[in-house]
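> Here it is: the structure, laid out below.
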Amino acid sequence: MQKVGSSRRADATPHAAALIEGLRDIGYSLETAISDIIDNSVTAGARNVRIVTETLSDNPHIAIVDDGTGMSEDELIAAMRPGSRNPLATRDEPDLGRFGLGLKSASFSQCRRLTVVSRKAGKTSAAVWDLDDVAERNEWSVQLPDNVSGIPGLDQLSSAGTLVLWQKLDRLTSGLSQNPVKRTEIVNRRIAETERHLRLVFHRFMEDAQPLVIMLNGRRLNPLDPFVSKNSATIHDPEEKVSLVHGDVEIQSFTLPHHRQMNKADWEDIAGPEGHLKSQGFYLYRGKRLILHGTWFGLCRQSELTKLSRVRIDIPNSMDADWKIDVKKSSAQLPPAVRDRLKKVIERIQSGSKRTYRNVGQKLVNNERLPMWQRIQAEGRIRYRPNVEHPAFADFSEKLSPELRRGFFNCIALVGASLPIETLHADMAGAPEQIIADRVDEDTLVQAVQSTIAVLMGAGKDLSEIMMLMKDVDPFRSAWEDTQRIVTATIEMREDQ
Ligand SMILES: Nc1ncnc2c1ncn2[C@@H]1O[C@H](COP(=O)(O)OP(=O)(O)O)[C@@H](O)[C@H]1O
Ligand SMILES: [Mg+2]
32 MQKVGSSRRA DATPHAAALI EGLRDIGYSL ETAISDIIDN SVTAGARNVR IVTETLSDNP
92 HIAIVDDGTG MSEDELIAAM RPGSRNPLAT RDEPDLGRFG LGLKSASFSQ CRRLTVVSRK
152 AGKTSAAVWD LDDVAERNEW SVQLPDNVSG IPGLDQLSSA GTLVLWQKLD RLTSGLSQNP
212 VKRTEIVNRR IAETERHLRL VFHRFMEDAQ PLVIMLNGRR LNPLDPFVSK NSATIHDPEE
272 KVSLVHGDVE IQSFTLPHHR QMNKADWEDI AGPEGHLKSQ GFYLYRGKRL ILHGTWFGLC
332 RQSELTKLSR VRIDIPNSMD ADWKIDVKKS SAQLPPAVRD RLKKVIERIQ SGSKRTYRNV
392 GQKLVNNERL PMWQRIQAEG RIRYRPNVEH PAFADFSEKL SPELRRGFFN CIALVGASLP
452 IETLHADMAG APEQIIADRV DEDTLVQAVQ STIAVLMGAG KDLSEIMMLM KDVDPFRSAW
512 EDTQRIVTAT IEMREDQ
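Sequential numbering from 32 applies to the sequence shown in the working numbering.
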């Protein structure tokens, strides 16, 4: 022990085997781990990243190869050191790294053996962290193999670049069947799931004039722009800027096109497995790399009203400390000044989206337009009630005796009072585009058309006015061709009489 000033000091070098195992569990998933490796490739100026997975063999592996600047042996050894950089050091503008941990912690979260082979200035260097070896020796020493030939994925390396190879994939294959075909199937499914993540996280690099090309098992991934900004129906709000001590925050709101304005595949692609409701919110990019999405940071709820709103926030890497960016680059916290601004953005979105949705609602129940349902708003409540004055009801009730007529109106009132509101709520929150009006059969449609025409003609409307009115409301709207046919037949019949 050594005396320093008035205090003593003791050696507390971490226990290598324990600490390196601990690095495994900081919460990476396969997709966030692969993204962290690709971050390094992007920072190293790579234009091509190839991910190759071999899952059928008894020693499955994942190789991620880039054509970036590569590393010399000294640089490679430094890169293999956990905590190779001080997180407080200033990073170059395009640097996506932060703690000097990503390469190691992301890799160890998925595998027990990490090999990095890098080529720079014609020289190839390799280094290996094998957790079993560390556990055995209990020391922080990285292996430097003399011979690199035979390392899987090496053939993908070009004149400069880096190969990151994961072997001993215990996490990915743990608990999986020993049957290689079954195992492959499950692992491949996991890898397919990471595909969307990569398309989203790196979409802005993939859309660049000099694009980043990511190949997954020989297939080029398409960028996934969560704002579908190239679709002409997307609404772009003006960009805003908040200037803070460590840099500028840029904010832009987008309103996605309605699902009818997009093809189904695109609509589902941007919804993803979580669906649109869960995908609304802020999309936070650090140096153009998406780090967080689908959250309003607790400033409002993800509601049906704001479902089509997505807000892009761009921050530079100089603001990491302000935003408390974590090692995995998958969480962040709002600096207070940004929080205030984002609250205003949300207020604006909410007033806007309420307007759009209400317009749709009003159209359905506008009195001028033959509503089958009335929307009644009073005392802070909204009720829907069948419109007994609708021609289809009015005309039919005319034909009934007073007693039957009372019974008929009671039945209609019952239908209105038992509207399945909870179920509708649940469906609206889940998949509103799947909710459609029920189809009516021919006989029902004929009766509705005939009575509507009778009442409206009685009210002095001409045929073209009647058609205009009917066109906008159900059940006519959703069966418009049949309706037109029945209208023609009805008019002919009336003229014959
Ligand atoms: N694919 C790569 N190409 C070139 N250099 C790399 C690559 N991957 C990692 N490095 C080097 O290794 C260092 C450590 O990487 P990493 O552990 O991910 O931490 P960070 O990205 O936070 O710096 C990087 O700063 C970089 O210098
Ligand atoms: Mg990194």
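Note that the Cβ used here is the ideal one computed from N, Cα and C, for glycine as well.
Keep in mind it's a predicted model, so treat the numbers as computed, not measured.
Could you compute how far the alpha carbon of V396 sits from the alpha carbon of K213?
Only weak support exists for where V396 lies, its pLDDT of 43 falling under 50; the value from the coordinates is given anyway. If you take the alpha carbons of V396 and K213, they lie about 55 Å apart.
> Report the start-end ranges of each beta strand (DSSP E) in the segment 98 to 175 that is 3 residues or longer and not cut off at the edges.
Within the segment 98 to 175, the complete beta strand (DSSP E) runs of at least 3 residues are 144 to 151 and 154 to 161.
> Is P45 buried or exposed, if buried means 16 or more other CB atoms sit within 10 Å of its CB?
Counting Cβ neighbours within 10 Å, P45 comes out exposed, since fewer than 16 surround it.
> Are A158 and I108 touching if we call contact CB-CB under 8 Å?
Cβ distance < 8 Å, so A158 and I108 count as in contact.
> Could you check if P366 is buried or exposed, using at least 16 other CB atoms within 10 Å of its CB as the buried criterion?
Per the 10 Å Cβ criterion, buried.
> Would the segment 215 to 233 count as touching the segment 63 to 81 if we require 3 or more Cβ pairs under 8 Å?
Yes, since at least three Cβ pairs between the segment 215 to 233 and the segment 63 to 81 fall closer than 8 Å, the two stretches touch.
> Grouping DSSP H, G and I as helix and E and B as strand, with all else coil, what is A520?
Helix, per DSSP.
> Tell me whether S284 sits in a helix, a strand or coil according to DSSP, three-state version.
In this structure, S284 counts as strand in the three-state DSSP scheme.
> So, are the CB atoms of F439 and L431 less than 8 Å apart?
Yes, the pair counts as a contact, with Cβ atoms nearer than the cut-off.
> Looking only at DSSP bridge pairs, what is L194 linked to?
Partner(s): V96 and V148.
> What three-state label does DSSP hand I344 in the structure shown?
Correct three-state label for I344: strand.
> Among the candidates I522, V165 and Q187, whose CA atom is the shortest distance from the CA of T84?
Of I522, V165 and Q187, the residue nearest in Cα terms is Q187.
> Distance check for S115 and V165, CA to CA, integer angstroms please.
In a straight line, the C-alpha of V165 is about 18 Å away from that of S115.
> Hey, could you find the ends of the beta strand (DSSP E) M246 is sitting in?
Element bounds for M246: V244 to L247.
> Suppose you measure from the CA of M111 to the CA of V173; what does that come to, to the nearest Å?
Going by the C-alpha atoms only, they are around 7 Å apart.
> Helix, strand or coil for L61, going by three-state DSSP, please let me know.
Three-state DSSP puts L61 in a helix.
> Quick one: measure Cβ to Cβ for L54 and S136, integer angstroms, because I've assumed they're closer than 8 Å.
Right, the Cβ-Cβ distance comes to about 5 Å (below 8 Å), so this counts as a contact.
> Between the Cα of I182 and those of S140, H234 and P91, spot the shortest distance and give me the residue it belongs to.
Nearest of S140, H234 and P91 to I182, Cα basis: P91.
> Pair every Cβ in the segment 312 to 322 with every Cβ in the segment 339 to 346, then say whether three or more of these pairs are closer than 8 Å.
Enough Cβ pairs lie closer than 8 Å, so yes.
> What runs of the beta strand (DSSP E), each 3 residues or longer, lie entirely inside the segment 291 to 376?
DSSP runs (the beta strand (DSSP E)) wholly in the segment 291 to 376: 312 to 317, 320 to 326 and 340 to 346.
> Contact between the segment 479 to 497 and the segment 513 to 521: three or more CB pairs below 8 Å?
Flag = yes, the segment 479 to 497 and the segment 513 to 521 touch.
> For L275, verify whether its CB is less than 7 Å away from any heavy atom of ligand 2.
Not so, every heavy atom of ligand 2 lies at least 7 Å from the Cβ.
> Within a Cβ cutoff of 8 Å, which residues of the same chain sit near L185, ignoring the five residues on either side of it in sequence?
The answer, listed in chain order, is V148, V179 and L194.
> Rounded to a whole number of angstroms, what is the C-alpha to C-alpha distance between D256 and S263?
If I take the Cα positions, the gap works out to 14 Å.
> At what residues does the alpha helix (DSSP H) containing T225 begin and finish?
P211 to V232 is the span of the alpha helix (DSSP H), which, as asked, contains T225.
> Using a Cβ distance threshold of 8 Å, determine whether the segment 373 to 384 contacts the segment 327 to 343, with at least three qualifying pairs required.
With a cut-off of 8 Å, the segment 327 to 343 and the segment 373 to 384 count as touching, because enough Cβ pairs lie within range.
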